[in-house]
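**Student:** The structure that follows is given in the form of structure tokens.
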């Protein structure tokens, strides 16, 4: 698990390497990222300014508490709310950016695929598939934000557990969504895609957590997004290569009689 986590982090670093390898196509990925980032930041700033009034409205039962307890409680509620909003913002940023920037990110995906070699699909899953996936990702992000908010209210440990859980949950969601393009382009059914991701959950977690931490740096989301698309493509290809059947090696002679299949191969999966 630890080795896989580190491998996932390295995949993101390799994705950043494409800024040097193919800067032209990577610069295109900044266009949708900048536009969506501006909207997300505006929403968070508006939330920050309106948060005190929102917390006061949501906690009328605390009006009669002692001033010190009331202030401490409402600051805690505000901090938990903003943490959950930050998680949802990161997931929403990724979802909306991938949807509106599908033509740009498909060029990054294709560039990486061609660089890696092998069979490259003729085209990606398409714009409407990206929209549907983005809506699903936002829904999952909302659920994760609610979970993080609830964890934040656990006495003593909640203040630390909530941000950590937020990074982990958002990282898993980001990695799953970013890596889906290479899998969907090959026509793999949803259950097969889930099985592949499950077999490489350490790498996905490392990649997703590293991506989420980069998103938390000022303007980091803008410059990380193209690298995350490139890195997730390499991660998905690595996972696909792991299920490729090994070439048969043996003495020259008549082929052995066919026996029962040992299990599904990548070829079987692609044909399903």
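In this note's numbering, the protein residues as written are 1 to 272.
C-beta atoms are modelled at their ideal positions from N, C-alpha and C, and glycine is treated no differently.
Bear in mind that the values here come from a model prediction, so they are computed numbers and not experimental data.
1. DSSP three-state call for residue 212: helix, strand or coil?
2. Could you tell me the alpha carbon to alpha carbon distance between residue 117 and residue 185, rounded to whole angstroms?
3. Tell me the rounded alpha-carbon separation between residue 16 and residue 232.
4. Whole angstroms is fine: what's the gap from residue 5's alpha carbon to residue 57's?
5. Can you tell me whether residue 1 is helix, strand or coil according to DSSP?
6. Take residue 247 and list the residues in its own chain whose beta-carbon comes closer than 7 Å to its own, dropping the five residues that flank it on each side.
7. Quick one: using the 10 Å Cβ neighbour count with 16 as the cut-off for buried, is residue 262 buried or exposed?
8. How many angstroms separate the CA atom of residue 211 from the CA atom of residue 70?
9. Taking DSSP as the reference, what is the three-state secondary structure of residue 219?
10. Roughly how many whole angstroms lie between the Cα atoms of residue 13 and residue 28?
11. Are the CB atoms of residue 11 and residue 223 within a distance shorter than 8 Å?
12. Considering only residues of the same chain and omitting the five flanking positions on each side of residue 43, which have a CB-CB separation below 8 Å?
13. Quick check on the burial criterion: 16 or more other C-beta atoms within 10 angstroms. Buried or exposed for residue 32?
14. Quick check: the Cα distance between residue 228 and residue 160, rounded to an integer number of angstroms?
15. Kindly indicate which residue of 191, 198 and 103 has the alpha-carbon position closest to the one of residue 172.
16. Drop a sphere of 10 angstroms on the beta-carbon of residue 3, count the other beta-carbons inside from all chains shown, and report buried for 16 or more, exposed for fewer.
17. Could you tell me which whole alpha helix (DSSP H) segments of length 4 or greater appear in the region 117–176?
18. The alpha helix (DSSP H) spanning residue 68 covers which residue range?
19. Which residue from 176, 217 and 221 puts its Cα closest to that of residue 236?
20. On the three-pair Cβ rule with 8 Å, is the region 72–89 touching the region 150–167?
21. Distance, Cα to Cα, residue 92 vs residue 174?
22. Out of curiosity, what's the CA-to-CA distance linking residue 75 and residue 7?
23. Tell me where the alpha helix (DSSP H) around residue 180 begins and ends.
24. Check this for me: beta carbons of residue 278 and residue 164, under 8 Å apart or not?
**Tutor:** In brief:
1. In the structure shown, residue 212 sits in a helix (DSSP, three-state: H, G or I).
2. Their Cα atoms are separated by approximately 15 Å.
3. Rounded to whole angstroms, residue 16 and residue 232 show a C-alpha spacing of 11 Å.
4. Distance between the alpha carbons of residue 5 and residue 57 is about 42 Å.
5. It is coil, neither helix nor strand.
6. For residue 247, the predicted model reports a pLDDT of 41, less than 50, meaning its position is unreliable; a value from the coordinates is still stated below. There are no such residues.
7. Low per-residue confidence applies at residue 262: pLDDT is 41, beneath 50, and the placement is therefore not dependable, though the value from the model is reported in the following sentence. Exposed.
8. Spanning the alpha carbons of residue 211 and residue 70 requires a straight line of approximately 37 Å.
9. Correct three-state label for residue 219: coil.
10. Between residue 13 and residue 28, the C-alpha separation is close to 19 Å.
11. In this structure, residue 11 does not lie closer than 8 Å to residue 223 by Cβ.
12. 89.
13. Residue 32 is buried by the Cβ-count criterion.
14. Whole-angstrom Cα-Cα distance: 27 Å.
15. Taking only the C-alpha atoms, the option nearest residue 172 is 198.
16. Of the other Cβ atoms in all chains shown, fewer than 16 fall within 10 Å of the Cβ of residue 3; this residue is therefore exposed.
17. If only uninterrupted alpha helix (DSSP H) runs of at least 4 residues are considered, those enclosed by the region 117–176 are 127–152.
18. For residue 68, the uninterrupted alpha helix (DSSP H) run begins and ends at 67–100, by DSSP.
19. It is 176 whose Cα lies nearest to the Cα of residue 236.
20. Yes, the region 72–89 touches the region 150–167.
21. Their Cα atoms are separated by approximately 10 Å.
22. Counting only the Cα atoms, residue 7 lies some 39 Å from residue 75.
23. For residue 180, the uninterrupted alpha helix (DSSP H) segment begins and ends at 180–184.
24. The chain is shown only over 1 to 272; residue 278 falls outside these bounds and no answer can be derived.
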